[in-house]
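Residue numbers for the sequence shown follow UniProt numbering, so the first one is 1 and each next one is one higher. Worksheet for the structure shown next.
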Amino acid sequence: MDVDLLRPGTVPISPDTSLWFEFLLQPAHLEKHLKNPNADPTPVELIIKFITLSQSEKPTNDPLVINNLKPFSKRCLALKLLALKVASSLNWDLDLFEKSLPMSITSMLLKDFLYIVSPTHSDIKVHDELNLNEVPAHVLFAIFLYHRWVLRAYVSLSLNAKTKQIVETSVEEISEQEAEKSSIFLKKMAEKTLTLFVPAPSCFNLPYGNADPEHFWTKGEALEGNQIKTAILIDLSFYLVNRGKYPEAFSSLSMCLASGPTCHPHLIGLGIAVGITPNLYKPSLSQQFHEAIAAKYINIDKVLEKDNSLRHLPITYRQGLELDISSEVANGKLITSRDAVATVRALNTVRAALDGGVQLHGPPLSPSSLVKAISVVLPLADHDKKKLEFFLLQLLATSESHNARALASSFSKLPLLSPDEISSVIEPDYVDTISHVDLEESSETLPNWTWLTERCLEGISNMRGAIREAACLALLNTGAWGPLSSAAPPKSTLTEVYLAIARASLQISQFNSKVSTEAWDKFIPLFMAGGKRRDYKALRGLCGVLEPNALSLVISILARLHNVLTDQPPLDLYVQLTHLWPGTIKNANQYNVKQVAETLMKVLEHALTYYPYNVSWLKLIGDLHFVNGHYRNALGSYLEAAAVVTEHFSRPLHRSILEDHIIKRMIKSCSQLQCHTQAGLLCQLLEETDYTTAYKCLSEVNTSDASDSYHNYIWDINILEFLISLHAKRGEHHRKQALVRVIGLLELNSNNNEEIKREAENIRKSNYLRALATHYL
1 MDVDLLRPGT VPISPDTSLW FEFLLQPAHL EKHLKNPNAD PTPVELIIKF ITLSQSEKPT
61 NDPLVINNLK PFSKRCLALK LLALKVASSL NWDLDLFEKS LPMSITSMLL KDFLYIVSPT
121 HSDIKVHDEL NLNEVPAHVL FAIFLYHRWV LRAYVSLSLN AKTKQIVETS VEEISEQEAE
181 KSSIFLKKMA EKTLTLFVPA PSCFNLPYGN ADPEHFWTKG EALEGNQIKT AILIDLSFYL
241 VNRGKYPEAF SSLSMCLASG PTCHPHLIGL GIAVGITPNL YKPSLSQQFH EAIAAKYINI
301 DKVLEKDNSL RHLPITYRQG LELDISSEVA NGKLITSRDA VATVRALNTV RAALDGGVQL
361 HGPPLSPSSL VKAISVVLPL ADHDKKKLEF FLLQLLATSE SHNARALASS FSKLPLLSPD
421 EISSVIEPDY VDTISHVDLE ESSETLPNWT WLTERCLEGI SNMRGAIREA ACLALLNTGA
481 WGPLSSAAPP KSTLTEVYLA IARASLQISQ FNSKVSTEAW DKFIPLFMAG GKRRDYKALR
541 GLCGVLEPNA LSLVISILAR LHNVLTDQPP LDLYVQLTHL WPGTIKNANQ YNVKQVAETL
601 MKVLEHALTY YPYNVSWLKL IGDLHFVNGH YRNALGSYLE AAAVVTEHFS RPLHRSILED
661 HIIKRMIKSC SQLQCHTQAG LLCQLLEETD YTTAYKCLSE VNTSDASDSY HNYIWDINIL
721 EFLISLHAKR GEHHRKQALV RVIGLLELNS NNNEEIKREA ENIRKSNYLR ALATHYL
């Protein structure tokens with residue numbers, strides 16, 4: 001509630017809102033207010049308000065004041081009684097008080113409760129000498145409630161569990177001696193069979209006139225001995241565990257569980273802590289994980305397999321486990337099977353693959369361990385099979401040849417589809433025996449390519465146009481360039497293009513010093529501004545080329561043609577084999593450069609579908625994005641090319657991977673995206689650092705990147721000194737101090753030898769590019 005209760009009328013008040021003084025004027029209004037589900041203020045807010053107002057009351061010297069033992073004014077006493085009425089409506093719930101009330105408010109509330117029920121028992125020191133059988137039931141309940149709260153408050157303070165502001169005086173009151181006295185008193189209560197009266201709101205009466213208020217304690221509900229004992233033993237168990245007295249906690253909790261069923265939310269965890277396992281208890285996956293670690297990693301592989309299906313454990317837990325096992329095995333502290341480390345590493349790798357963040361570093365993975373780890377999750381990974389497929393392809397592509405063969409032979413044993421799944425997708429006509437035989441024969445590999453070449457050559461001469469074009473494409477993709485070059489099929493645009501590509505590929509494979517420009521001549525007419533319809537079919541046919549050498553030839557022609565038509569050297573596309581083609585063209589205005597760019601983009605996307613790790617093509621598609629003004633995509637392609645070569649920047653980045661012209665394009669792309677800090681730091685990657693551009697970018701005030709987070713990636717001392725000076729001039733002392741700490745690092749000392757400087761540069765360069773890849777990929 002945002003209404004200031006001391007200044008009524010400052011804002012409009014809703015019908016459900018009541019002001020604090022209304023309850024003093026009309027005591028019956030409190031009961032009606034508490035029954036309202038949308039009551040404003042809430043019961044907890046009312047308790048805080050009443051106790052706070054009562055504490056602000058000045059003591060009175062009036063001899064007629066109620067209860068001369070403690071000088072409460074009439075209004076102060078009324079406020080305290082109202083707070084107790086609200087607390088009784090909440091059933092004296094200590095859990096609620098602990099969560100919602102400040103500790104100082106709860107302390108004052110319970111001490112006021114003790115004073116109201118019996119002023120003689122409000123002194124805590126006399127509780128140790130009480131004869132419990134002679135104390136009235138309602139007074140005994142107030143004492144019982146207070147001492148339970150003392151234990152709870154002591155445990156909360158010692159664990160720093162409270163998040164609300166606590167008054168310092170209240171913290172000092174709950175000392176270790178006071179908590180110990182409360183525990184002794186509660187143990188004495190638990191040993192006796194007692195009946196307590198729990199006061200209800202109707203038990204409390206507000207003062208009227210100068211007469212003492214008369215309270216009706218018999219209207220409260222009775223609390224039987226078993227309930228009392230259970231509540232005491234639960235609080236005692238938590239207190240004893242907190243003090244480290246586990247045998248006593250075990251005894252207390254055993255008595256609590258034996259006295260009857262309880263529904264305390266933390267009782268199961270408390271029982272496990274002291275060695276009591278409840279009936280029908282099923283430990284969580286996290287609990288199983290920690291238990292396996294405590295038992296020297298017994299059955300840890302079973303826990304990790306289960307987590308690969310459920311994915312409940314944080315990945316950092318599993319990475320830490322892998323490092324712990326590896327170090328203990330290496331140091332001889334752990335004697336385990338030879339494959340234990342490999343099994344854990346394979347299970348962690350599969351989990352990372354399912355999360356989409358696998359990084360293949362470190363020693364090669366064991367094929368048998370990987371097969372076992374994947375076979376467990378494969379039946380359950382309906383939505384993650386694409387991730388597993390990408391992981392396996394990446395693993396085979398990055399493994400050494402003998403490891404790749406071993407992995408491929410192992411994974412081939414995994415059933416991708418069950419017989420029932422295969423039967424469900426086969427049409428009814430293919431169920432009989434003959435159809436099964438035909439299906440099996442159609443999936444067999446042809447015995448040799450010679451027979452296929454002969455059949456394709458026959459198709460070129462005798463078949464209709466579509467089959468003839470498919471036959472030419474098949475010969476081109478199988479590398480049969482000699483037979484295709486000597487063939488003489490009927491003329492069509494697409495077959496002529498395929499023949500020209502085959503002849504040029506054959507000449508390049510034979511290392512001829514000069515390559516015929518026939519392919520160039522066949523490509524140029526396809527991009528005339530008013531091209532014919534058949535030319536579009538030929539352009540689509542280029543996306544059918546699969547053989548990598550033929551694809552490189554097609555891409556080089558398209559890239560060269562784009563460069564010639566644009567005639568802007570700063571926007572040239574760089575790729576292999578472009579030097580084979582002419583550098584000029586007649587009537588360049590008659591050709592559609594936009595269509596050339598679109599065709600090149602489609603061919604590149606098609607090529608990278610089959611060869612995703614071709615660095616040259618990745619950089620070329622980045623150049624094409626840059627030329628088209630798609631700067632974010634250009635940065636992503638450049639960084640992907642660098643990540644492929646360096647295995648996600650785990651190896652040093654050589655200048656042959658990202659040449660200066662590519663880095664300059666990355667700098668411009670970052671500047672166009674308003675990421676000036678990224679652009680300034682990229683200037684360090686140039687062979688000769690471009691300080692002019694770097695200083696200009698770093699001086700920009702309005703940037704769209706997290707500029708301060710990139711300071712740890714700077715290795716150039718001149719740039720660091722410039723930034724320190726810049727922040728000092730701007731009065732940005734925190735940034736200046738952060739950069740001073742960076743420049744003071746030992747590895748950046750200018751007196752270091754070249755090897756240390758180079759290592760520091762490589763580490764920061766890899767970390768920076770990895771951060772950019774995370775941002776743009």
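Glycine included, C-beta positions come from ideal geometry on N, C-alpha and C. Just so you know, these numbers come straight off a predicted model, no measurement behind them.
Is it the case that the Cβ atoms of residue i and residue j are separated by a distance below 9 Å?
| i | j | result |
| --- | --- | --- |
| residue 183 | residue 140 | no |
| residue 715 | residue 737 | no |
| residue 499 | residue 516 | no |
| residue 501 | residue 545 | yes |
| residue 325 | residue 344 | yes |
| residue 581 | residue 561 | yes |
| residue 735 | residue 723 | yes |
| residue 190 | residue 228 | yes |
| residue 96 | residue 143 | no |
| residue 330 | residue 347 | no |
| residue 626 | residue 669 | yes |
| residue 217 | residue 137 | yes |
| residue 703 | residue 672 | no |
| residue 710 | residue 677 | yes |
| residue 215 | residue 117 | yes |
| residue 649 | residue 769 | yes |
| residue 717 | residue 681 | no |
| residue 308 | residue 376 | yes |
| residue 497 | residue 457 | no |
| residue 156 | residue 103 | yes |
Using 8 Å for Cβ pairs, my map puts residue i next to residue j. What's the rounded Cβ distance?
| i | j | result |
| --- | --- | --- |
| residue 354 | residue 311 | 7 Å |
| residue 641 | residue 622 | 7 Å |
| residue 238 | residue 81 | Residue 238 to residue 81, Cβ: 31 Å. No contact. |
| residue 127 | residue 185 | 6 Å |
| residue 693 | residue 663 | At roughly 11 Å, the Cβ-Cβ gap does not stay under 8 Å, so residue 693 and residue 663 are not in contact. |
Bridge partners of residue i, per DSSP?
| i | result |
| --- | --- |
| residue 198 | 221 |
| residue 154 | Answer by DSSP bridge pairing: none, since residue 154 is not bridged. |
| residue 528 | 591 |
Can you look up residue i in the DSSP assignment and give me helix, strand or coil?
| i | result |
| --- | --- |
| residue 146 | helix |
| residue 5 | Here residue 5 scores only 48 on pLDDT, less than 50, and its place in the model is too uncertain to base an answer on. |
| residue 316 | helix |
| residue 511 | coil |
| residue 766 | helix |
| residue 772 | helix |
| residue 722 | helix |
| residue 534 | Because residue 534 sits at a pLDDT of 49, beneath the cut-off of 50, its placement in the model cannot be relied upon, and the following sentence gives the value as read from the coordinates. If DSSP states are grouped into helix, strand and coil, residue 534 belongs with the helices. |
| residue 656 | coil |
| residue 700 | coil |
| residue 706 | coil |
| residue 241 | helix |
| residue 582 | coil |
| residue 308 | helix |
| residue 472 | helix |
| residue 634 | helix |
| residue 282 | coil |
| residue 622 | helix |
| residue 613 | coil |
| residue 481 | helix |
| residue 686 | coil |
| residue 365 | coil |
| residue 298 | coil |
Next on the checklist: Could you check whether the segment 581-596 touches the segment 548-555, counting it as contact only if at least three pairs of C-beta atoms, one from each stretch, sit closer than 8 Å?
Outcome noted: no
Next on the checklist: Pairs of beta-carbons, one from the segment 189-203 and one from the segment 214-230, closer than 8 Å: are there three or more?
Outcome noted: Below 8 Å, enough C-beta pairs join the segment 189-203 and the segment 214-230 to call them touching: three or more.
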